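Following: one structure in structure tokens, then a few remarks.
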Amino acid sequence: MTKKRVIFDKPDFKRIQEEGLLGVDMHFHTKYSDTYTRIPNVLKKARKNGIGVAITDHNRIKGAAVAINLKKDVVIIPGIEVNCFEGAHVLLYFYHINDLTEFYIKHIKNYVERNPYMATNIRTEQIADAAKDYNCIVSAAHPFTPATGGMEWAIKKGFLDKNIYDKMQAVEVINGGHTEKMNLKATHLALEMEKQVTGGSDGHTLAALGGVLSIADAHNTESFLEAVRRRRNVVVGKSLAVMPRLASYSKNISKHLQYLVPSVKLKIKRAKELGIEKRYKPLLSEKVDAVKSVAKKVAEKVNGNKKQKQ
32 MTKKRVIFDK PDFKRIQEEG LLGVDMHFHT KYSDTYTRIP NVLKKARKNG IGVAITDHNR
92 IKGAAVAINL KKDVVIIPGI EVNCFEGAHV LLYFYHINDL TEFYIKHIKN YVERNPYMAT
152 NIRTEQIADA AKDYNCIVSA AHPFTPATGG MEWAIKKGFL DKNIYDKMQA VEVINGGHTE
212 KMNLKATHLA LEMEKQVTGG SDGHTLAALG GVLSIADAHN TESFLEAVRR RRNVVVGKSL
272 AVMPRLASYS KNISKHLQYL VPSVKLKIKR AKELGIEKRY KPLLSEKVDA VKSVAKKVAE
332 KVNGNKKQKQ
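In this note's numbering, the protein residues as written are 32 to 341.
Structure (structure tokens):
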């Protein structure tokens, strides 16, 4: 396999199979998320092209569970894309569907807002910390999305600290729905921080499936994720062309329209919450430090008085 970890080119399905490797689209959405793509059709195309797929629906796991039950000779990575409180999106990949199910019930289900595909009320750090108790990989999804969804956007706005990447094992370096410029920035970020690399089409249409693959010398879910963990995978792919990208966005938007009113209300509410946090968090931090300083001086004075009495 090539020594390069990221290759901006169209995946060659035939060559991947001939070399005995496994290519997996590590970012794909289904009808159980913000699109209409049916699981049987996803599996049929994946089987035809000899690839695997990670079902990573927004804040939902039913699609992953259905795919696991129907997989039939297709490697399925149980996954989820969590839309975090601060606006960043985080991808999680599990070795077993049971672990994903438990994680979802304990840490996500009760934090989902009225638009289930849009946002949760759980913070990025909470998700990353909770994931430590599970056999899974945590990846920063499309970090350079120039709005809600990108980790760099949330950092730039002051909603997240730069050290949030310390809690990410991997970075999504090629996302089919984003421009090559954004993906190049993500690649540079991942390599600079020596992170594991993931990549996927972020497909919301069947046509997008397989446009970006993570390729490894593996044959099942476990060996594939182990290869990613050990940095023995290569991400190969290109950004979707303009028309397919627009088709993907149209599917996405039409699914969100049914939640238009609660979505607008949530956007306003979240903007206020994050705005207040950004403005007052430094002040609160200063006050806490001041209180700690006073408490320390009081303690020193009390201890000094005790010694004098002795």
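Beta carbons are placed, not taken as given, at the ideal position from N, Cα and C, and that holds for glycine. These figures come from a predicted structure and were not determined experimentally.
Cβ-based burial, residue i [other Cβ within 10 Å; buried from 16]
| i | result |
| --- | --- |
| Asp233 | buried |
| Leu277 | exposed |
| Lys282 | buried |
| Pro15 | The shown model of the chain, from 32 to 341, leaves out residue 15, and the question about it has no answer. |
| His250 | exposed |
| Lys41 | exposed |
| Val37 | buried |
| Glu428 | Any answer about residue 428 is impossible in this case: the structure gives the chain only from 32 up to 341. |
| Pro109 | buried |
| Arg262 | exposed |
| Met344 | Residue coverage of the chain in this structure runs from 32 to 341, which leaves residue 344 outside it and unanswerable. |
| Glu223 | exposed |
| Asn264 | buried |
| Ile284 | exposed |
| Ala302 | exposed |
Span separating the alpha-carbon of residue i from that of residue j
| i | j | result |
| --- | --- | --- |
| Gly207 | Lys286 | 20 Å |
| Ile82 | Arg91 | 23 Å |
| Val243 | Ile186 | 26 Å |
| Val292 | Asn152 | 18 Å |
| Val106 | Val73 | 12 Å |
| Lys228 | Gly306 | The identity of residue 228 in the sequence shown is Val, whereas the question assumes Lys. Going from the Cα of Val228 to the Cα of Gly306 covers about 32 Å. |
| Ala178 | Val121 | 15 Å |
| Val295 | Asn146 | 10 Å |
| His235 | Lys62 | 9 Å |
| Val266 | Ile246 | 6 Å |
| Lys75 | Glu49 | 20 Å |
Per-residue DSSP class, three states only, for residue i
| i | result |
| --- | --- |
| Tyr311 | Here Tyr311 scores only 43 on pLDDT, less than 50, and its place in the model should not be relied on; the value that follows carries that caveat. Note: Tyr311 maps to helix in three-state DSSP. |
| Tyr196 | helix |
| Lys318 | For Lys318, the pLDDT reaches just 46, beneath the cut-off of 50, and the residue's location in the model is therefore unreliable, leaving the point undetermined. |
| Leu53 | strand |
| Asn90 | coil |
| Ile82 | coil |
| Pro174 | coil |
| His120 | strand |
| Val37 | strand |
| Phe190 | coil |
| Asn100 | helix |
| His58 | strand |
Bridge partners - residue i, DSSP secondary structure assignment
| i | result |
| --- | --- |
| Cys167 | Phe125 |
| Gly241 | Note: Gly241 sits in no beta bridge, so no partner. |
| Ile284 | Bridge partners of Ile284: none, in fact. |
| Ala201 | Ser170 and Gln227 |
| Ala247 | Leu53 |
Inset, instruction - Tell me, please, whether the region 110–128 touches the region 157–172 by the rule of three or more beta-carbon pairs shorter than 8 Å. - result: With a cut-off of 8 Å, the region 157–172 and the region 110–128 count as touching, because enough Cβ pairs lie within range.
Inset, instruction - Please confirm if the region 187–200 is in contact with the region 134–142, defined as three or more CB-CB distances below 8 Å between the two stretches. - result: no
Legend entry - Three or more C-beta pairs below 8 Å linking the region 46–55 and the region 94–101: no
Legend entry - Stretch-stretch touch, CB-based, cutoff 8 Å, three pairs: the region 250–265 with the region 117–127: yes
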